[in-house]
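Whatever position you read off the sequence shown (first residue = 1), add 1 for the working numbering. All C-beta atoms, glycine included, are put in the ideal place defined by N, C-alpha and C. First the structure, in the form of structure tokens, and then the observations on it.
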Amino acid sequence: MGNGPKNGPSSGPGNGHGRAARVSRRGVLVGAASLAAGAAQAAEDALLQSLIRQYQRTEFGHGFDATSRTIAMPKASLPTLSQATIEHTERAITRYEDIIAKGGWPTVPPVDRLGVGNRHSSVVPLRERLAIVGDLDISAGTPDVFDSYVEAAVRRFQARHGITTDGILREQSFKALNLSADLRVAQLKANLARLRGLNSSFGSRFVICNIPAAQIEAVENGAVVARYIAVVGKPDRASPDINSRIVEISFNPYWTVPVSIVRRDLIPRMQTEPEYLTKNHIRIFDYRKRELQPEQINWNTDEAVHYQFKQDPGEFNSLGAIRISFPNAHEVYMHDTPFKNLFGEDFRFHSSGCVRIQNVRELVYWLLNETTGWPRVEVDRVIRQAERKDVRLARPMPLHWVYVTGWASADGVVQFRDDIYGRDGLTSAASAG
2 MGNGPKNGPS
12 SGPGNGHGRA
22 ARVSRRGVLV
32 GAASLAAGAA
42 QAAEDALLQS
52 LIRQYQRTEF
62 GHGFDATSRT
72 IAMPKASLPT
82 LSQATIEHTE
92 RAITRYEDII
102 AKGGWPTVPP
112 VDRLGVGNRH
122 SSVVPLRERL
132 AIVGDLDISA
142 GTPDVFDSYV
152 EAAVRRFQAR
162 HGITTDGILR
172 EQSFKALNLS
182 ADLRVAQLKA
192 NLARLRGLNS
202 SFGSRFVICN
212 IPAAQIEAVE
222 NGAVVARYIA
232 VVGKPDRASP
242 DINSRIVEIS
252 FNPYWTVPVS
262 IVRRDLIPRM
272 QTEPEYLTKN
282 HIRIFDYRKR
292 ELQPEQINWN
302 TDEAVHYQFK
312 QDPGEFNSLG
322 AIRISFPNAH
332 EVYMHDTPFK
342 NLFGEDFRFH
352 SSGCVRIQNV
362 RELVYWLLNE
372 TTGWPRVEVD
382 RVIRQAERKD
392 VRLARPMPLH
402 WVYVTGWASA
412 DGVVQFRDDI
422 YGRDGLTSAA
432 SAG
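Right under this line is the structure:
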């Protein structure tokens, strides 16, 4: 903003109009600064709220009090993995060890449901528990009343633990609250060693899947440009750690069933439901690419593992409308799915190792925005017309599937997820506690 001409009737000394103009200009500048600060705060609030919305199923109630007496939410723009993650996780360990030295935190006696407006004896230790880790200013409110201050703090606690942020305490939230400080420190230490072993030089654009969080991050120039809810491998069919590069997007793909799924799923299913392959448009081929009929195979043996099973494209296809391919030794992909209801669950460990992505089309837009000839409208057209198409990325995109259950990102906010595959070495201790 310019200061206007240096000379003239309105700017001379002793001129009343000039003083008024200077006062007016100061008012404009102050007002502009206030607007800029307000815009910056609004932008930050929007980032924080986007992370809350990721885990909540309903909008905030009318009684929600976004009080400054609770800590900030994790910033949605900060990636899970960065050099800052290592540094802040180290600081978090020191902070939590100090909590242990002071006696840890209290157990919160579980009840079926605890929410805003309730008066209950469990609210007293709940307030203390939330205050010890910085989620709540314990001086706010009445000790045994679950008020809007407590609700805001519970939402923040839930978001930090990957739980639906509805501000209501149920079994899953009580379980997270009542893991001891000693276990949380051990979890952070196990993950610090894991973080130090990861390559922090991922480049300017990359994709991260944090398996325990069942979450995808698209990262560009050190910031998360988008997060996606995912469904990952079951505990007995774990999604593997992967360092690879995304090379191809397949639209309306075929699905070639891995041998492991043929053995563990298809053969038992065909023994009880002989029409399963036909109903699901899965065809069988021998090594010469000759098609066979289901009745030609003895389903009471392992004969089927010697054939190829291929599902036709369509809305019934297990990969949905999109498959994201990358070289790996595990026969896994990232892909769409016809079973989108699973994205609404907190427990999203249902696949046989592949990663299903909610709103995967948005990720594909971003992956292909460097590939000439593949704007959004073309992606939409190919999907809408069910056209079979494979598209190579102009530049392969670095991809990392990682297993991180406890960390602190650059904002210093500590986050935890369940050790779903038991790789932190704390399962027995947790169950004993």
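- Counting the other CB atoms within 10 Å of its CB gives VAL226 a total below 16, which places it among the exposed residues.
- In this structure, ALA187 sits away from ARG418, with a CB-CB distance that is not shorter than 7 Å.
- One Cα belongs to ASN222, the other to GLU363, and the distance between them is close to 18 Å.
- The beta-bridge partner set that DSSP reports for GLN294 is empty.
- When secondary structure is reduced to three states using DSSP, TYR150 falls in the helix class.
- About 5 Å separates the CB atoms of ALA231 and ILE217; that is less than 8 Å, so the two are in contact.
- Bounds of the beta strand (DSSP E) holding ARG393 are 390-403.
- Distances from the CA of GLY104 to each of GLY142, HIS89, THR166 and ALA182 were compared; the closest alpha carbon is that of ALA182.
- For the pair TYR422 and PRO236, the CB atoms are nearer than the 7 Å cut-off.
- Residue environment: PRO399 is assigned as buried (16 or more neighbouring CB atoms within 10 Å of its CB, all protein chains considered).
- Within the region 184-213, complete beta strand (DSSP E) segments of at least 3 residues are found at 206-211, given in chain order.
- In the structure shown, LYS311 adopts extended strand secondary structure according to DSSP, grouped into three states.
- For PHE317, the number of other beta carbons within 10 angstroms of its own is below 16, and it is reported as exposed.
- Looking at the DSSP output, TYR255 shares a beta bridge with no other residue.
- Nearest to VAL392 by alpha-carbon distance, out of ILE209, VAL380, CYS355 and ARG171, is VAL380.
- Between the alpha carbons of GLY354 and HIS401 lies a distance of about 14 Å.
- For GLN216, the beta-bridge partners assigned by DSSP are ASN211 and ILE230.
- Taking C-beta atoms under 8 Å as the contact rule, ILE169 and GLY116 qualify, at a distance of about 4 Å.
- According to the DSSP secondary-structure assignment, TRP367 is paired through a beta bridge with no residue.
- With a cut-off of 8 Å on Cβ pairs, the region 259-273 is not in contact with the region 370-386, counting fewer than three such pairs.
- For ARG424, the closest C-alpha among the options ALA194, ARG382 and PHE175 is that of ALA194.
- In its chain, beyond the 5 residues on either side, SER251, PRO254, TYR334 and HIS336 have a beta carbon closer than 6 Å to the beta carbon of ARG324.
- A Cβ-Cβ distance of about 6 Å is found for the pair ILE209 and LEU82, placing them in contact under the 8 Å criterion.
- Of the candidates SER326, PRO269 and ARG291, the residue whose Cα lies closest to the Cα of ASN299 is PRO269.
- The shortest C-alpha to C-alpha distance from GLY135 to any of ILE243, PHE158, PRO126 and SER122 is the one to PHE158.
- Around the beta carbon of SER319, 16 or more other beta carbons lie within 10 angstroms, which makes this residue buried.
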